[in-house]
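For reference, the structure discussed in these notes is given below.
Numbering (the working numbering), first residue to last: 19 to 561.
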């Protein structure tokens, strides 16, 4: 910029800037590319992605959140779309691919409206009205489901797992997720609640997915501390200690000078006596199993083993909290405070060898408020994918616990919402109506993508689907296995309303944020100084 012949430098040298339609087009294009990347993973016939990171680690998955999280993306608008997936995943645990492809389609339709000289602010207002209509209609179309209706819950979890590469183990993992969440459901202020942190997932390579199991308790990834201790204790009374089973060292350097050799033995005997008192306290309250968050001294190990107590040391804080919830015990931070009332109970505590590792299983707890799932699989990639699938299933169950409403899947609810938004748009004259109609069209990307990923003709499928919904076939969606339009409720293809509502909110927010940007100012990147001879270059030799 020049002022009275003098250049005024505002931005640093090397800074790039794009404005107006150029900036908008670049941002929309970047978002559409991200959307297109995950689009092919949607539905039971969606394809997988093979991701290789900078150090050569390989991930094979069709989980939208994982794909986007592992991608090393440069463009700022593309990063915003990835944030949508992260928000969706953290909030409801599923529906990430749906949220991203709807956001991509909203931006694609917005680009067409911008070309027709409609201002982005008008488009955003229209989109917002359409989104509010869609969410209101979504809640009114949803059907209540009882937590005792295990058959419906299983159908819902199976729908969530349908797109995962689990094969014959789908039903088994679905049941594990239902049982795990049902175990940790609690009533808080008159409302049912379940916390994902109360479900521990432990994965160990070996055997098959069908041998994955639910433990009504906790798995501690540690071994029994002393060889002479029992490896199996029934009717376990468990002491949970957040105090060291050893003589605490002073905080500052100290020196004890002993001149009489006989006093050395007295000094050592005193240490042993203190440790013996600690063990006696544990024995006195009736504990036969000890989980210690801190260390256990060698002498204390010996006394514990002699008393027939199974002990585990350096247990993680998170595992201690789960043990507290599972066994009904209380974590004690001072040996003086330990009493019989603080002890937890488990029907069985046992050390087992799983693969190459030894682990302590705390099972058969009475009304555990924390449980564990042990996943087994022959391939490490399969193990990772099973963990991701189980996380999605658990989150879907938690969604149902906290908001017990379901809607039909298979693109049915999106087709119905598209129809309802289109009819409501007629009440809003002006340019906003065009944006609302564009929103209605964008919602149809979900059934359209399902059809494309299943090798069906999207034009034929979409016309049949629209006709069925025009005849009030609210729950009719795409049966991707025979290519017909069928009732999703009768097929058992159902999803939590919470997942769909969050996908609509997240996709709108991402599209609105990207549409508002009309100026992109990118700072120049710092150039790395190359060392002589680095990168295959030959350093100059002075003559």
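Beta carbons are placed, not taken as given, at the ideal position from N, Cα and C, and that holds for glycine.
Are the CB atoms of residue i and residue j nearer to each other than 8 Å?
i           : j           : result
residue 159 : residue 492 : yes
residue 321 : residue 293 : yes
residue 566 : residue 99  : The structure shown does not extend to residue 566, since the chain spans only 19 to 561, so no value can be given for it.
residue 394 : residue 225 : yes
residue 234 : residue 369 : no
residue 228 : residue 404 : no
residue 264 : residue 327 : no
residue 532 : residue 154 : no
residue 296 : residue 323 : no
residue 124 : residue 50  : no
residue 498 : residue 61  : yes
residue 48  : residue 83  : no
residue 325 : residue 301 : yes
residue 411 : residue 178 : yes
residue 172 : residue 187 : no
residue 424 : residue 110 : no
residue 42  : residue 143 : no
residue 242 : residue 392 : no
residue 203 : residue 217 : no
Taking only three categories from DSSP, how would you classify residue i?
i           : result
residue 390 : strand
residue 328 : strand
residue 413 : helix
residue 560 : Note that residue 560 scores a pLDDT of 48, beneath 50, so its modelled location is shaky and nothing firm can be said.
residue 500 : coil
residue 247 : coil
residue 435 : helix
residue 356 : coil
residue 548 : In this prediction, residue 548 scores a pLDDT of 48, lower than 50, which makes its location untrustworthy; the coordinate-derived value is nonetheless stated afterwards. Here residue 548 sits in coil by DSSP.
residue 154 : helix
residue 237 : strand
residue 253 : strand
residue 59  : coil
residue 520 : helix
residue 168 : helix
residue 216 : helix
residue 477 : helix
residue 125 : helix
residue 19  : Legend: pLDDT at residue 19 = 49, less than 50; position of this residue unreliable, no value from coordinates given.
residue 374 : coil
residue 445 : coil
residue 384 : coil
residue 79  : strand
residue 161 : strand
Can you check which of these residues, the options, is closest to residue i by C-alpha distance?
i           : options            : result
residue 127 : 529, 395, 104, 338 : 529
residue 484 : 178, 432, 47       : 432
residue 390 : 412, 227, 236      : 236
residue 387 : 157, 193, 212      : 212
residue 536 : 101, 137, 51, 53   : 137
residue 85  : 344, 103, 94       : 103
residue 534 : 416, 209, 145      : 145
residue 312 : 374, 288, 349, 279 : 349
residue 398 : 459, 63, 373, 412  : 373
residue 184 : 168, 148, 230      : 230
residue 255 : 63, 329, 182       : 329
residue 115 : 170, 291, 81       : 81
residue 490 : 498, 436, 409, 512 : 436
residue 362 : 479, 440, 306      : 306
residue 408 : 74, 167, 197, 161  : 197
residue 384 : 253, 74, 476, 339  : 253
residue 262 : 250, 333, 521      : 333
residue 439 : 288, 108, 147      : 147
residue 222 : 246, 396, 152, 378 : 396
residue 359 : 66, 347, 299       : 347
residue 441 : 287, 463, 509, 488 : 488
residue 460 : 480, 352, 280      : 480
residue 58  : 304, 445, 478, 472 : 472
Since residue i and residue j are thought to touch, with beta carbons under 8 Å apart, how far apart are those beta carbons, to the nearest angstrom?
i           : j           : result
residue 310 : residue 335 : In fact, because the Cβ distance is near 12 Å, the residues do not count as touching under 8 Å.
residue 465 : residue 174 : Their Cβ separation, rounded to whole angstroms, is 19 Å, which puts residue 465 and residue 174 out of contact at 8 Å.
residue 194 : residue 165 : At roughly 17 Å, the Cβ-Cβ gap does not stay under 8 Å, so residue 194 and residue 165 are not in contact.
residue 428 : residue 468 : 7 Å
residue 518 : residue 503 : Their Cβ separation, rounded to whole angstroms, is 19 Å, which puts residue 518 and residue 503 out of contact at 8 Å.
residue 106 : residue 521 : 6 Å
residue 507 : residue 149 : At roughly 25 Å, the Cβ-Cβ gap does not stay under 8 Å, so residue 507 and residue 149 are not in contact.
### Task
Taking 8 Å as the threshold, find out whether the region 517–526 comes into contact with the region 111–130 through three or more Cβ pairs.
Counting Cβ pairs under 8 Å, three or more are found: they touch.
### Message
Under 8 Å: do the region 407–421 and the region 208–223 share three or more Cβ pairs, one atom per stretch?
### Response
Below 8 Å, enough C-beta pairs join the region 407–421 and the region 208–223 to call them touching: three or more.
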